[in-house]
Structure formats: structure tokens, C-alpha cells
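Working notes, beginning with the structure itself.
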Amino acid sequence: MLLLFLLSALVVTAQRTKSRFKISVVVVDSTSRQPLEAATVVLKEKNRSALTDALGKVAFDSVEAGYYTVQVSYIGYHVYERKVDVKQNRELRIDLCAEEFHLHEVEITERRAEEKSSVTGQRIEELNKKELDALRGQTLSDQLKLLPGVTTFSTGPSISKPVIRGLHSQRILTVNSGVRQEGQQWGGEHGPEIDPFMPGKVQVIKGASSVEYGPEAIGGVVRIEPREFRSAEGIGGELMGNYFSNNKQSAGSLVLDGHHHKGMQHVSWWVQGSLRKAGDSRTPEYVMSNTGFREYDGAASAEWRNTNSSVQVYYSRFATKLGILRGSHIGNKEDLLRAITAEEPFYTKPFTFHIGNPKQEVLHEIGSIKLMHNLKKIGRVSLQLAQQVNDRKEYDAHYIYSDSLRALQRPGYELTLTTQTAELKLEHKRLRNFTGKTGFSYMNQGNYASGERFLIPNFIARTAGVYVVEKWSKSRWQVEGGLRYDWRWMEVYQNINKVITQTPHTWQNLTVVLGGEYHISEYVKADMNIASAWRPPAVNELYSNGLHGGTATYETGNTNLKPEKSWNTDAGIQFTRERWNLRAGVYSNYIGNFIYQQPDTQVTVTIRGSFPTWRYTQTNARLSGAELSGTYAPHKNWQLTAGITYLYAQNESANKPLILMPANRGNVRVSYLLPVLWKRIKESQLEWQTVVVAKQNRVPKGEDYMTPPDGYALHSLAWRTTFLAGKQEINFKIAAHNILNTSYRDYLSRFRYYTNEPGRNIVLSVQIPFTIYQPQNKK
Amino acid sequence: MNHILKTTSIFFSVIVISSFFYSCKDKDKDPSNPTPINPQELITTVKLTLTDASDSNNTFTIQWKDADGPGALAPVIDTLLLDTSKTYNAVVSVLDETKSPVDDISTEIKEEAESHQFFYTLSSNLTGRIAITRTDIDLNNLPVGLELQLNTTAGAPVQGTLNVVLSHYDGVPKTASPSAESDIDITFPVRLK
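Chains A and B are the protein sequences, given in the same order.
Take the first sequence: its position 37, counting from 1, is numbered 37 in our numbering, and each next residue is one higher.
Take the second sequence: its position 23, counting from 1, is numbered 23 in our numbering, and each next residue is one higher.
Shown next, in the form of C-alpha cells:
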């Protein structure tokens, strides 16, 4: 209905044509002069893209007069970018240089064609550097939650995880700089270990992606790409700072980067350090005691390359200490029922930066090396080796009875997960109408548990996979298919009464993907994707056995669980034309052997009281949904963005809704480019945003202590500006989130039993890019 | 030549870096050699030792015991058998019997009396027949409940329950009402002869 309205509005605006021109592009190989078919040509400012035909040709119709950037990319070739002044019809011939040849002219950007991160027809949402800059300092999940189909699962203001189309934690894969990030991601209260200042680009691949990413990618993938290397000779950097009024958070990050070249040899590098420090957040009514955090992050990367090869090293370190709302750690079910009816959490104190128990201390380190080489007639081969260590300590307010022992500060448990990964990949050159890649990946993992109480056991796991993905493209069509085989072996070690037991598990599976894209016209594109994915049961689902603090439940694992296997179908249609960009998509994700917790009729009686027993069990589930999103620019200064996300999640075997699924929601954003009144101001923009979240009415009956909270609407206002202090460019932003100081609770917050969500938050942020050294005359 | 030099240097850097990856494994944390999970503190047992006020030789003990802690084996719970028209003095002891020697947690509770309090609640059919008074107090004159007195009245035999809750006041002031954190919450069957 909305789409119909938007489309009819479109017809009206399309008729108000002013003077429009046509840009025709021919793409050829720079040495052979042969036309290149299916090269991607992007008209950046207009967000339009198209593929060249068999003659290497493509055209953009009815383009307004202006200054545009044309970008051309093609596998095995350097990305080409140039500015075009359009005052009349333009014809461009673009000579694309193969990666193994040529010194490049000034106009050509020194970047490689990007690696493709998904299969045709898979839905990708992306935040680029500019969009991320506007959201710096917020957690990664908060940065992502404005994308259609993405929501968050939170444990207070310091921990939130991205939820993609209703799935999160062990069903989402995070890929950090090309490396599968491996922490204790199964835990709902274990946030992703990513410095929010680090990413240069974030992509969210929605839906099953096992063929390219291996097991676990049932719900989707969050790909974090670090900043791009500096492309021009010199040394520079960036300084970023934030202040958040609600929790008096200050955050800052400093980046230094450089690029040097001699002949065809290039060396690039960057280093980054970030700090975040926050005290207790507050709701409109009270302080959320013990919700502060401190974070100290650092990362560095360097690359050496010549025309044919490159070596890249990367290291990142993430260290956080964060408090968990004191009022959420209660003794037993009776305590929980009391907390639900209470006006405010039982432990509410004045604001402080102090972090007491319960708390978490997490350290995550990743080191990787990536080698790439262009083989002349074959394509590009790459090898990435990585090691990462995730160390997580959690301190309870409970399980230790005496105040004196609590004061000793020994963690309730500590988990150390060490992971080595290897990824070998070959992307072959275009052969007739085919492009594609094949690869092998291997992962070795060891988990060591210690502490006061049992959570998950020790294990060693090994995973290996092989895959092949091929794409066929011709004129208006692109069809892509892939196949993958994975094998995982896991051995679990337990020490029960000084006897060590070993329990091996082996799983294997085949996954497939098939996707297609068809350009119905220059403006309209339709796509579809069918993909399978799988996930062996996680160690907590197999072995957990104990009390769960915040939810007052006794969780019991099940060693007989089988792997989850899913089939996801995704279809969408996209319309892009000057002022308009609309997309409508539907999906249906069927997950066989879906693992979830089912309340048992028997309670577990402990000395602390009685607790409902939740057992891990399996069912067949279906998550279906629709996403509508669009932008419309009625005037060059105005832009309107809107999106709607709908999800219907059903436990098909038991014929009841799935528990803890995100509510339906919509958002509207209006931005206005303010007229420049002072010559020192380069640009300034005002933006209003409203997010509306419905109440989740689809919940299984009698499985939760509390009915889902009511829906809510949050509004925010932001002013962004770029001004010049001398020659120095400074970006400044002031924003008010939850500007009306609305009290609300969210169904996907683990704290919904205990507290309202944070109230108004005024955010100040500054970003200063700088240059330390740049040679005067190029070349 | 230069080319060979480059290739060898890449090769060596790979060797160096990958050996670094494999060498920084923590030798103390070998997953195939798990340490037993050994809680510093675990309450396994709550004992009530009752003495007939009129006959100090009439002493008996009942217990609520979960020998292996939460889960797995179910707790073993004794029944509290009381005579009518009697006064009993009772002492509570809280133990961790997984330790050797047995850890007496009641001494810690006594030391931290200002942040702990026992509450005793009888089922409604017993409230008219048994009166429970906590007889010990902390420095602020609030009851602790490690010591108590039970007074039974005459009447027909009756069965009911006694609920024992230990409230922990951690960072919140101790008051006459239970805290939001229960360290112990157990129920004994009670029979009044």
C-alpha cells in the first residue's frame, strides 16, 4: 500500500523534468582495447549503478546538470574513478587497467576492486565511513540498528548485540577485517568485541550465508572492514571525540596513517587508539546503578604491495570492563517477581563512575596476516592466517555469600578461547561469462574454563570447509550459485570428581546457494536468492547446567542436539532514479532443528529457592518478514528516508510464536541541508528522526514472567556541520537522542524486568582529519 | 636478484609471524586438562538444632541438605516434628559440606550480622499454633535469626510448612523487611503431634 503510494508520487515527480542529459560509458581493457562486459559502473552522487553490456556499454539517462563521480570496477582490474562535469550529453571511454599492469595516472584511485562479500540476490545493508562518523562513540549494535531488518538485543546501556531478522548471538557471524571473530558469542549478555571507532565500513548480510562464511551464518553476517589505507603519499590522521550527557561518557580516538611509494612499491599503514569511559546511565526517573564502563582499544595495520602482490598485517586489541545493573542480580524466582512489580530497581544509588559487581572484564586480541598475489592468466589468490584470543571474566554479585569474599574480587568464571584460522581463496578471472571463486578454510579452537562455578566445559574444536561460487552475467542478467562442504569435530573435556572425561562430537553438512538479479530497466532491478545454512549446536546448548542470574532460571543443556539446518528465500525489487531510491523485500527463513529453551514442568529445587527449569530442545521454526525502505529527495536540500520492518516468527512444530523476537518497527528521517550563511562553513545539516516500535503481541503464552512491554516512539534531532578553521577542516555534531525523555522498556532488553531504558541523551562529537606531511609536487 | 630477495623476505615474514601465533598459546590453559570447578563457597546444608526448654536432654536436629549443590541430585529434606504446648530453643547452622573440614558459613553470617537476616514464615494452618521469635540481634538492634524460639500451643495434630529465608543486604540498608536478594530460601515440612 505504501509502495503503491510512493510509486504514484513518483510518476508525478518524474513529469517535472528540467534539463536532463545522458551519460554514455564504454569500458575497455587498456591494453587489448577489447570491451569489458559486466563491469560495474556507478554514478556515485545519484546512487545509480549498472553493468556494461557485451559491447562494454552502459548509459545513464536523464541526469541533471552537475558534477558527478563515475566509478568503474571489474574483477582483476584497478578501480577507476573520475569526475565528470555534465552540462550536455557526455560520452566517456574508460580504459581499465588490469591489476598486473601499469603505473597509474593521477585520476585512477589506487584501490583494488573490492572483494565481493555476498552472493547475488543476498540482501546487504552498508554503513560507509561518513555514515559511521555520524554515529561514532555509540556501540556497534546501536550504529547498526537503523538499518532495515536490524534490531538489537541488549543487556543495559553497555551491552547490545545486533539482531538480524530476529536472529542473534550464535546465529550471526561477525567478520572482523576478514577474520571470523570468535568469542563467547552464544551468550545473550556477551556483546561483540569491536571498537566502535575502528570500522571504516560495516556491512550487514541478511539471511543465510553459509556457503561463503561457513557454519553459524544462519541469520546473517556482520562484516567489519577497517579504515582504508591512505591512498596519497604522506602522513596524516584523524582525531575524534565524543561526549554523551546521559552517562557522562567521554570517548576519543586518534588515528595516524601514512602512505609511501617508490616506483611500483607501496607501503601504507595506520595505527589507532581509542578510549571510552562512562558512568551510570539514567532513565527519566532514576539512575541505573552500576551500568558504567571503561574501554581501551588499539589497532594497527600495514600493507606492502607492488603491482602483483601484497602483504597485509593487522592487529587489534579490545579491552573492556563493564558494570551490569546491580538491581538485575537477584536471588531467586520470588526475588524476580518482586523486581517486576517494583517501581525502580532495588539497588538505586546516586550517579557514579565506579564499577562494582556484577561486572565483566573482556579482552579480545586478533592478529592476522594476509598475502595476495595476481596470477597472470588465472586470477587472484589470497591466504589469510589469523590468531585470536578471547578472555572473559565475569564477576557475580551472587554465588559468593560473604561480603569479605566478595571483596576479594575473584571472577565467578573465566573463559579463555583461543582460535586460529586459515583462509585460502582463489578468485578467477572472467572466463566467457563466468567469474567466481573457490576456497578452503580451517579453524582450530581451544576453550579453557575456570572459576567458581560451572558455565561451559573445556573443549577443542576443529572446523574445515571447502567451497566454490560461480557467477554468470550477461547483459541484464546475473546468476550466481555456490556449494560448500563443512566438517566440524569437537571434543569436550570435563573434570568430575577428579576424573577427566572426554566426549567427542562430529558434524558435517553440505550447503548451497543460488541467486539471481535481473535489470528490468535502467531504474528497476529485481533479485532473488535461495540459500541453505547450518549450525552445529553450541557448547552451551549441549552442556550448560546451572542457574542463570538475571532471568532466575535453571538452564539444562542437551548433548543429543542435532545441527540446525536452514533454507532461506529472499526476493526484492529495487527502484533507483535521481530523487528516488525504493526497495521492497520479502523473505522466509525455515530453520529445521531450531534450538531453543523450553520451560519444563519440573522446577529445580535449590537451597536458594526453586527455579523454573529450562531445557534446550529442538523444533522446526519459520521466520518470515518484509522490509520496505526508501529515500526521496524532493529538493536538493531536502531528503526523506523511511523504512518499515515486519517479522512473523513461528515455532511450526508446536504451532506457537517463538519467544524473544523483535517487535515490528518503522522509522522516518528528514534531513535538511542548511543554506550556507558564513563562508567558513562548508556544509551544515539538520536532521530529525523518529523510530516507532510496536508492542510484541506474538509471544508463547505462559513462558515469561512478564507480558511484553508496550510499544514506544523515540525522536531525535541532530545538527551537523563542517567548517574551516584556517585551512583545517572540522566536523562537529550535536544531537539529542530520545529528545522527549520518553520512559520505555524494550522487549528485547534482558533488563525489561528490572528497569526502564535510558532517557534523553545529548551527544557532542568532533572529528578533525589532519595532514602532517604531504609532498608538494606529486610524482 | 631483487625479485628473489623480495620473495624470500615475504616467505620469512610469514614463517616468523605464524610461529608467533602458535607459540603464544598459554601452557597452563590446556583445554584437555580441565581443572575441577570448585566454588569457594557453596551452601549445601541448613541445620536446625532444637532443644526442649523444659528438658535440656531432649535435643534433636533436622536438616535441609543438597550435597552436590544446585541441580543433579535432589536435596534431602527432614520433617520438623514438634510436640504441643512446648517451648523450643533453636540454633541454625549453615554449612558447606563439600569442603573438608566442613566450612561453617554461619560464623560468617554472625560476623556480617548487619547485612544478613533470617525470616521464618509458617504456613497459614500453623500460624495460630506455633509462634516463632528470633532471639539474637545485631549491633543496630535488628534481628539476625541464627537463634530463635518456637512456642507451640495445645490442639489437634496438624501438618504444614516452615519457610526459611536468608536475606542478604548488600549495599542496601538492613531493615525489618526482606531484601531483594535471597541467599537461602528453603521449606521444611512441619508436623505438630
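By construction, the Cβ of each residue, glycine as well, lies at the ideal position given by its N, Cα and C atoms.
Only a predicted model underlies this, so the values are computations on that prediction, with no experimental measurement involved.
Mark V76 of chain B as exposed unless 16 or more other C-beta atoms lie within 10 angstroms of its C-beta, in which case mark it buried.
exposed
Helix, strand or coil for Y213 of chain A, going by three-state DSSP, please let me know.
DSSP, reduced to helix, strand and coil, places Y213 of chain A within a helical segment of the structure shown.
Under 7 Å Cβ-Cβ, which residues of chain B neighbour I573 of chain A?
Those within 7 Å of I573 of chain A in chain B number zero; the least Cβ separation is about 46 Å.
Using a beta-carbon distance below 8 Å, is G446 of chain A in contact with chain B?
yes
Is G327 of chain A helix, strand or coil when you go by DSSP?
Reduced to three states, the DSSP call for G327 of chain A is helix.
Considering only C-alpha positions, which residue in the set A:T613, A:A735 and A:D710 is nearest to R780 of chain A?
Since the displayed chain A opens at 1 and closes at 779, residue 780 of chain A lies outside it and no answer follows.
When we look at the beta-carbon of S32 of chain B and count the other beta-carbons within 10 Å, is it buried (16 or more) or exposed?
exposed
Between the alpha carbons of I595 of chain A and G367 of chain A, how many angstroms are there, rounded?
About 33 Å.
Rounded C-beta distance between T49 of chain B and T59 of chain B? I'm assuming under 8 Å.
7 Å
May I have the straight-line CA-CA distance separating Y773 of chain A from S544 of chain A, to the nearest angstrom?
Taking the straight line from one Cα to the other gives about 56 Å.
In the DSSP assignment, what are the bridge partners of Y616 of chain A?
Paired residue(s): A:Q597.
Under 8 Å by Cβ, that's how I've got P708 of chain A and Y747 of chain A pegged, so tell me the actual separation to the nearest angstrom.
Between P708 of chain A and Y747 of chain A, the beta carbon gap of about 4 Å places them in contact (Cβ cut-off 8 Å).
Are the stretch 177-193 of chain A and the stretch 385-395 of chain A in contact at 8 Å, needing three or more beta carbon pairs?
yes
Pull up the CB-CB distance for V42 of chain A and I94 of chain A, whole angstroms please, since I reckon it's below 8 Å.
12 Å between Cβ atoms; not a contact.
Can you say whether I496 of chain A is buried or exposed, counting buried as having 16 or more other CB atoms within 10 angstroms of its CB?
exposed
Please report the straight-line C-alpha distance between G412 of chain A and I235 of chain A, rounded to a whole angstrom.
46 Å
So what's S169 of chain A in DSSP terms, helix, strand or just coil?
helix
Would you tell me roughly how many angstroms separate the C-alpha atoms of S382 of chain A and L424 of chain A, rounded to the nearest one?
Approximately 6 Å between the Cα atoms of the pair.
Less than 8 Å between CB atoms is the rule here; does S124 of chain B satisfy it with respect to chain A?
no
Reference I659 of chain A, options A:G625, A:G166 and A:V469, closest by Cα
A:G166
Tell me which residues share the same chain as S23 of chain B and place their Cβ nearer than 7 Å to its Cβ, disregarding the 5 neighbours each side in the sequence.
For S23 of chain B, the predicted structure reports a pLDDT of 49, less than 50, and the residue's modelled location is therefore unreliable. A value from the coordinates is still provided. Result list for S23 of chain B: empty, nothing under 7 Å.
Counting only beta-carbon atoms, is A180 of chain B nearer than 8 Å to chain A?
yes
Three-state secondary structure (DSSP) of Q767 of chain A
strand
Along chain B, which residues have their Cβ under 7 Å away from the Cβ of D335 of chain A?
A180, E181 and S182
Going by alpha carbons, who is nearest to I739 of chain A out of A:M443, A:I762 and A:E365?
A:I762
Can you confirm whether T35 of chain B, when its beta carbon is compared against all beta carbons of chain A, has any partner nearer than 8 Å?
yes
Leaving out five residues before and five after L135 of chain A in sequence, what residues of the same chain have Cβ atoms less than 6 Å from its Cβ?
Q143
From the DSSP secondary-structure annotation, give me the bridge partner or partners of R338 of chain A.
DSSP, once it has assigned bridges, lists no residue as partnering R338 of chain A.
Does chain B have any CB closer than 8 Å to the CB of G292 of chain A?
no
Does the Cβ of E193 of chain A lie closer than 7 Å to at least one heavy atom of the ligand GTP?
The ligand content of the structure shown is nil, which means the ligand GTP is not present either.
Short CB-CB distance (under 8 Å) between E107 of chain A and chain B:
Residue placement at E107 of chain A is flagged as unreliable, the pLDDT there being 36, under the threshold of 50; a coordinate-derived value is accordingly withheld.
Going by DSSP in three states, I109 of chain B sits in which element: helix, strand or coil?
Helix.
Please report the residue range of the alpha helix (DSSP H) in which L126 of chain B lies.
S124 to T127 is the span of the alpha helix (DSSP H), which, as asked, contains L126 of chain B.
Can you tell me which residues form a DSSP beta bridge with L42 of chain B?
Paired residues: none, contrary to the question.
By how many angstroms is the C-alpha of K262 of chain A removed from the C-alpha of L146 of chain A?
43 Å
Would DSSP call R112 of chain A helix, strand or coil?
Residue placement at R112 of chain A is poorly supported in this model, since its pLDDT is 48, which falls under 50; the coordinates still yield a value, given next. If DSSP states are grouped into helix, strand and coil, R112 of chain A belongs with the strands.
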